[in-house]
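In the order they appear, the protein sequences are chains A and B.
The opening position of the first sequence corresponds to residue 544 in my numbering, with each subsequent residue numbered one higher.
The opening position of the second sequence corresponds to residue 81 in my numbering, with each subsequent residue numbered one higher.
Just so it is clear, CB atoms sit at the ideal spot from N, CA and C, and this is done for glycine as well.
In this text the structure is predicted, and so the values were computed from the model without any measurement.
Here the structure comes first, spelled out in structure tokens, and everything after it is commentary.
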Amino acid sequence: MVLDSLFILNDAGAPIMQKHWGTDLSMQRATRVVIPAFSRYLTSHTDITPIWPGPLSTTCMHIQRGDLTYTAVVSTEVAPLEILELLESISTLLYEYTGQVATELTIKENFVCVYQLLSEMIDSGRVVTTDTSVLRGLVPVPSLMGRVIENVSGFSTNTLANSTASHDAPWRARNIRHTSNQFFVDIVDRIDAIIDTTGTCVSYDILGDITCKSRLSGMPHLVMTLNRARELDDVAFHPCVVRRTWDAERTIAFVPPDGPFKLASYHMATQALSRSMPLRVLGEARCTENGMTVCVTVEPGETGSRSVENIRIRVPLDSRAYNIGVQCKSGTHMVTTSRRPQVEWTLDEIRPSDSAIRLVIQYSTRNAVQSDSTNAAFVTFEVPGYSVSSIKVDALRLLRESYKLFKGVRYSTVAGSFQVRF
Amino acid sequence: MMNAAIQTRIAQLQIVKAKVLAALRKGENYELKTELNSEYKERRKEAVRRVIANMTVGKDVSGLFTDVLKNMHTDDLESKKLIYLYLINYAKTQPDLVILAINTFVKDAEDSNPLIRALAIRTMGCLQVQEVLDYLCDPLRKCLSDSNPYVRKTAVLCVAKVYDLNRGIADENGFVEAVRNALGDVNMMVVSNAMSALAEMNSMGGDVWRLEPQIVSRFLTAVNECVEWGQIAILEALIEYEPRDEKEAENICERLLPRLQHANGSVVLTTVRLLLKYERYVKRADLLAQFAKKMVPPLITLLSSEPEIQFVALRNINIILQRRPRLLSKEIRVFFCKYNDPIYVKYEKVEVLVRICSERNSEPLLNELKEYAKEVDVDFVSCAVNAIGRLAIRFEAAAERAIAVLEELVQMKVDYCVQTCVVVLCDILRRYPGRFEAVVTTLCEHADYINAPEARAAYLWALGEYSENIPSVASLLGAAVDSLLEEEDACVQLALVNACVKYFLKQPQRAQALVLRALQTASEKCANPDVRDRAYIYWRLLSADPSAARTVVLAEKPPVRPENSSLPEPLLEELVNELGCVSSVLQQPARQFVYARAERAGVPRGDAATTADYGTQAAVDTTPGADAAEGEPELLISF
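Okay, structure coming up:
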């Protein structure tokens, strides 16, 4: 037995969904002692460690997503990552099933579906599968149409006699037909960086995802070749990818699941990084007589002559700030003066030819501010059509099927966790 | 007359009230009962849903058992699943009534739809009722050789549940044997689930299976074709396996290396655990070096996942680094904190940073720690400042830069930051006696900001120790003596008395009046007995034999040693074996928090005798204590 119980708690710490796999004793223990204690702890602290040694020799593991806390109660030696990954996939599954970030309401509305999912994913406290396409075959996605039919006719639409879980490529059903056969690839590079006050990179990382959208008939075998495959440091693939071919030839061979899926995620090797920045952002803070002046400068960087779009810069301010004044020539800004005051600056586009743009924030504080306390601005942006890792799809071949394949590849670079200290 | 009438009225009202309350209490369940017995199919279905909805939020709906049972015979898959869920939850409370459901179960186990067959078998296993077992055997035997892999997989897992309930039945009917045979199944999902089932039966104390050398290679192939959860089961079995010779161990490791590149962090960490475990079998240095090299990128990728996963990864990296200290020394920047990391991730990152720091890269790290010390979170600031101190104490070359950083931080005059800086600075001074005295002048200039007891004690110690270098020491100590009684903390008062005596012994002429005043106040007016006693002792010592006092008070003291933040070797060994498990995250051996294990091993929980051999748990103590002396051995966990 790995998992004793699983709870989904709302933002007040009350359980809105629970399922138990252990004995009667472990169920009573979890509901009456462990979860009340955990929820007291949860609501009275912020940022609590995800692994919490609970009362009566139990351990609570939890993740917080949106308003909900997914909590697992275990009482044996288990691998916490396994549990955390499970909780993570439950939260993503709920998103995929209901089409929105799970909230107390969506769970209550779809509890039948959630319950069925949990019992398919976990059997006798062990994780069996978390694969979306397998689960879609076992538990039907609740749809508005299905519910209407059911209410009118009284018949249930879900008769899943032939489940996909029963053959060798469990991620793909046998008889898929599409009128036009299309395959789209999205390569998104994510830059994680910390930039200090002088503009130098303290840390810099490129991570990327290759997501695909497949609308292909039959059982297609695809082979994808990348140009810089050998410089990828750590690649993780969707289970459909044949590992042997990758190890031997560095090509990605796979039978795609139908619909959107994540083919691979990669991490660029540190030595292959050029540390190029599509957008240069510099933060600067100065003390004035009774407050602070914060300056944020943005200028275009190396983007292969593409424009940087959807730039959002969030500048958190001192919690005692008032009288916040903002000056900037372009873009829009929004000032929040709540418990956590901040300025959010939005720019639609910066073209490579643009010159530097400045945002100046001035504010007063009640007591003297520390002259140079560390603070950071959070930057997000995207550069469509530019790949900072310069990974390209060289070829995509279709085997075993004779139809003509329409393929499309799109590249983009986005800011992941991009922080500018000031 | 009147009173009697009123009293009867009140009594009547109370009866009515009790009735209403009772009706309210049973209200919903009563309504559900009628609905469940409704003649309309949809209403019954809706009622079943509502019963389950109540069950999910933890309301007691066990009273509706028979009514729910009546609805069991339905063609609707969803209702069937829900009713089965209900049965799993409440069967234990009504074992006699469960028998009524058996017929439907047995019938469902032969349904044409594999999902229903699997569902029936799974539910019967989960009921945990002895009476059901007799009826379960036949369907289970059929399902174990079902044509559909999904049914076979479910049946295999069901055997483990039967085994838990009644080992005799599981053995007699050949179920355990069937699960062993399922390891040779054509479908990988069945194979990996059979593996989990066998591992679970083993963990129940039965010795039903062990990995035989003949089938190891089969698993090495299977692991590539399983879903991640199956891979973990196989990896765990291989960790328990003892390879026959070096060649085999090398082969296993090489075949499993690709598992390091998996999207699931748990697979990655289990593989790392396997590689570290197999180090004892593999002797070739070049191979070991290659394994180590391959471990690095996936561990780093884990650090760009969700904070919860980062936390577990960091705790484990901390243990791996104690085994292989050089593993990540090139990757120091990956561990730099993000401003919005949750505090628990930040602490662990600083911990790892201090561990992988070497003399060569101490400078960028000190600069980075300085940035952290300027943040606003009080606890994190003191964590960062302490880290600076630990680096300075460990690397002589870093001490100068560390002192400069700390001085800069003190000059920022941020209240909470100054406190920790002072304590840390004094520790560094004691590590390198006679080298960085100049910094004391900075402390004196910022004396007004030093107000936490621990910081004041450290500051007064510095005044006494370096009194000959400080021109204004007389007035500083004088002011401190004036406010001696206002100090709340005894440690500050003691430090002050010590400092005055030291000053006197170093410069008898200038300090005579001061020391007299200090000793007098301390011994006569101070409320704390320790302080009074200390003052008396000094007084007698000074009046009896000043030269003896000199040898006692100004004696050469051993310099502070670098603290040992590594876990004791036997504990570390145990944690490396359990890498990626709860014990490695909590950094406690499993027997101390797992109740069942403690019982089985015959270890009374919290017994000092079993824990004492691990000595002090140094890793928990992150602050470089004022004294580097060994602490008292203490329990690793308190109940």
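Compare the beta carbon distance of Ser723/A and Phe949/A with 8 Å and say whether it is the shorter of the two.
yes
Neighbourhood of Leu775/A by C-beta distance below 6 Å, restricted to the same chain and skipping five residues each side:
Tyr809
Rounded to a whole number of angstroms, what is the C-alpha to C-alpha distance between Val572/B and Leu890/A?
56 Å
Continuous beta strand (DSSP E) assignments of at least 3 residues falling wholly in the segment 751 to 785 of chain A
764 to 769
The alpha helix (DSSP H) with Thr635/A in it runs from where to where?
From DSSP, the alpha helix (DSSP H) with Thr635/A extends over Pro623 to Thr641.
Would DSSP call Pro422/B helix, strand or coil?
coil
Find out if the Cβ-Cβ distance for the pair Ala579/B, Trp541/B is shorter than 8 Å.
Yes, the pair counts as a contact, with Cβ atoms nearer than the cut-off.
Any 3 or more C-beta pairs closer than 8 Å across the segment 456 to 474 of chain B and the segment 418 to 432 of chain B
Taking 8 Å as the limit for Cβ pairs, the verdict is that the segment 418 to 432 of chain B does touch the segment 456 to 474 of chain B.
Going by DSSP, name the residue or residues bridged to Gln607/A.
Thr612/A
Which residues in the same chain as Ser873/A place their Cβ atom closer than 7 Å to its Cβ, once the five residues preceding and following it in sequence are excluded?
Leu890 and Ile900
If you pair each beta-carbon of the segment 293 to 311 of chain B with each one of the segment 323 to 337 of chain B, do three or more pairs fall below 8 Å?
The segment 293 to 311 of chain B vs the segment 323 to 337 of chain B: in contact.
Going along the chain, which residues of its own chain have a beta-carbon closer than 6 Å to the beta-carbon of His563/A, five neighbours each way excluded?
Ser548 and Met570
Within a Cβ cutoff of 6 Å, which residues of the same chain sit near Val670/A, ignoring the five residues on either side of it in sequence?
Leu629
Simplified DSSP state of Phe924/A, which is helix, strand or coil
strand
Of all the options Asn853/A, Pro859/A, Ala864/A and Arg883/A, which has the alpha carbon lying nearest to the alpha carbon of Thr875/A?
Asn853/A
Might you give, ordered along the chain, the residues of its own chain that have their beta carbon closer than 7 Å to the beta carbon of Val392/B, omitting 5 neighbours on each side?
Val665
If I measure Cβ to Cβ from Ser603/B and keep anything under 6 Å in the same chain, skipping five residues before and after, which residues do I get?
Closer than 6 Å at the Cβ level, and outside the excluded window around Ser603/B, lie Arg612, Ala615 and Tyr616.
Applying a beta-carbon distance threshold of less than 8 Å, which residues of chain B neighbour Thr831/A?
What Thr831/A touches in chain B: nothing, since even the nearest Cβ is about 17 Å away.
8 Å Cβ shell around Glu925/A - same chain, five flanking residues per side excluded:
Val851, Glu852, Asn853, Ser955, Thr956, Val957 and Ala958
With DSSP collapsed to three states, give me the class of Val242/B.
helix
Any C-beta of chain B under 8 Å from that of Ala622/A
yes
Put Tyr170/B into one of helix, strand or coil per three-state DSSP.
DSSP places Tyr170/B in helix when its eight states are reduced to three.
Check the Cβ of Ile219/B against every Cβ in chain A and list those closer than 8 Å, keeping chain order.
First, the residue type needs correcting, since residue 219/B is Pro and not Ile in the sequence shown. Residues of chain A passing the Cβ test: none, with the nearest at roughly 17 Å.
Taking any Cβ of chain A, which residues in the segment 643 to 665 of chain B have a Cβ under 8 Å from it, in chain order?
Glu658, Gly660, Cys661, Val662, Ser663 and Val665
Residue-level contact to chain B via CB, His810/A, 8 Å cutoff
Against chain B, the CB of His810/A has a partner CB under 8 Å away; the residue lies at that interface.
With a Cβ-Cβ cutoff of 8 Å, do Tyr166/B and Ile132/B count as a contact?
yes
Considering only their Cβ atoms, is the gap separating Leu765/A from Leu939/A smaller than 8 Å?
Judged by their CB atoms, Leu939/A and Leu765/A are nearer to each other than the 8 Å cut-off.
Can you find a CB in chain B that lies within less than 8 Å of the CB of Ser569/A?
no
Between Pro323/B and Ala329/B, is the Cβ-Cβ spacing less than 8 Å?
Yes; because the gap between Cβ atoms is below 8 Å, this pair is in contact.
Between Gly285/B and chain A, is any beta-carbon pair separated by less than 8 Å?
no
In chain B, which residues lie with their C-beta within 7 Å of the C-beta of Val824/A?
None at all; the shortest Cβ gap to chain B is about 14 Å.
When we look at the beta-carbon of Cys437/B and count the other beta-carbons within 10 Å, is it buried (16 or more) or exposed?
buried
Alpha-carbon spacing of Arg685/B relative to Glu620/A, whole angstroms:
Low confidence applies to Arg685/B: its pLDDT is 40, below 50, so where it sits in the model is not reliable enough to give any reading.
Could you tell me whether any Cβ in chain A is nearer than 8 Å to the Cβ of Tyr170/B?
no
Would Met204/B and Leu195/B be called neighbours here (beta carbons separated by less than 8 Å)?
no
Any C-beta of chain D within less than 7 Å: which residues of the segment 943 to 962 of chain A qualify?
In the structure shown, chain D does not exist; the protein chains are A and B.
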